[in-house]
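Numbering (full-length UniProt numbering), first residue to last: 1 to 182.
A virtual CB, placed ideally from N, CA and C, is assigned to each residue, including glycine.
Predicted, not measured: the structure shown is a model, and the values here were computed from it.
One structure is given here, and the rest of the page talks about it.
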């Protein structure tokens, strides 16, 4: 983003550059065609509401729920994006649930088995202490990307293996009562 727009938060340049340019700039993150359209639409909504490309006014709101409602009111913004904006951009305590956090929270039994990502956000955001939300989010993402057993599409311990050798330490530590022993 910096190489294309001068810096990643140059909203005027991003809006003026149009969708194809933004799509190319964010291609490495995946789903760039969809994301670029949503980003530009949200920029339009922000400017219409606030007269500029800024959410700085949200810093003045004390209630996190009110900030979350405001972010969710933008078409194209869901709980994950709103929570990430709160956590990473506004420095507010919110437990963002992306695909890695959702998967890991299921593996260790921290969410109801059939909970959606949005339901998982509500469930965990109420239970995780504020001071742990940022570091735990970062840790779960790192684990979800790096652990051979926990990353997307990974196979768990093969049937017939003995003991816990090679098993993910999180899986061992949080092994649920109803999980079959290998």
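Going straight from the alpha carbon of residue i to that of residue j, what length do you get?
i	j	result
residue 66	residue 82	12 Å
residue 20	residue 74	22 Å
residue 29	residue 133	23 Å
residue 144	residue 109	15 Å
residue 181	residue 111	Low local confidence applies: a pLDDT of 37 at residue 181 is under 50, so the model's placement there is unreliable, with the coordinate-based value given in what follows. So the alpha carbons of these two residues sit roughly 21 Å apart.
residue 14	residue 43	9 Å
residue 91	residue 2	22 Å
residue 18	residue 34	13 Å
residue 149	residue 107	10 Å
residue 36	residue 76	11 Å
residue 168	residue 45	44 Å
residue 153	residue 39	29 Å
residue 131	residue 105	18 Å
residue 80	residue 115	14 Å
residue 97	residue 122	9 Å
residue 78	residue 142	22 Å
residue 6	residue 23	16 Å
residue 100	residue 151	8 Å
residue 68	residue 170	31 Å
residue 174	residue 70	36 Å
Using a C-beta cutoff of 8 Å, does residue i count as contacting chain C?
i	result
residue 105	The structure shown contains no chain C; it holds only a single protein chain.
Would you call residue i buried or exposed, if buried means 16 or more other Cβ atoms sit within 10 Å of its Cβ?
i	result
residue 49	exposed
residue 63	exposed
residue 172	exposed
residue 16	exposed
residue 124	buried
residue 139	exposed
residue 31	exposed
Near residue i, what residues of its chain come up, given a Cβ to Cβ distance below 6 Å and the 5 sequence neighbours on each side ignored?
i	result
residue 12	none
residue 47	53
residue 4	25
Quick one: what does DSSP say residue i is sitting in, helix, strand or coil?
i	result
residue 11	helix
residue 25	helix
residue 54	coil
residue 150	coil
residue 168	coil
residue 73	coil
residue 116	coil
residue 102	helix
residue 97	coil
Apart from the five residues on each side of it in sequence, which residues of its chain come closer than 7 Å, Cβ to Cβ, to residue i?
i	result
residue 102	117 and 120
Can you list, in chain order, the residues of its chain with a C-beta nearer than 8 Å to that of residue i? Leave out the 5 residues immediately preceding and following it.
i	result
residue 128	95 and 136
Legend entry - Stretch pair the segment 86-103 + the segment 43-61: three plus CB contacts closer than 8 Å: yes
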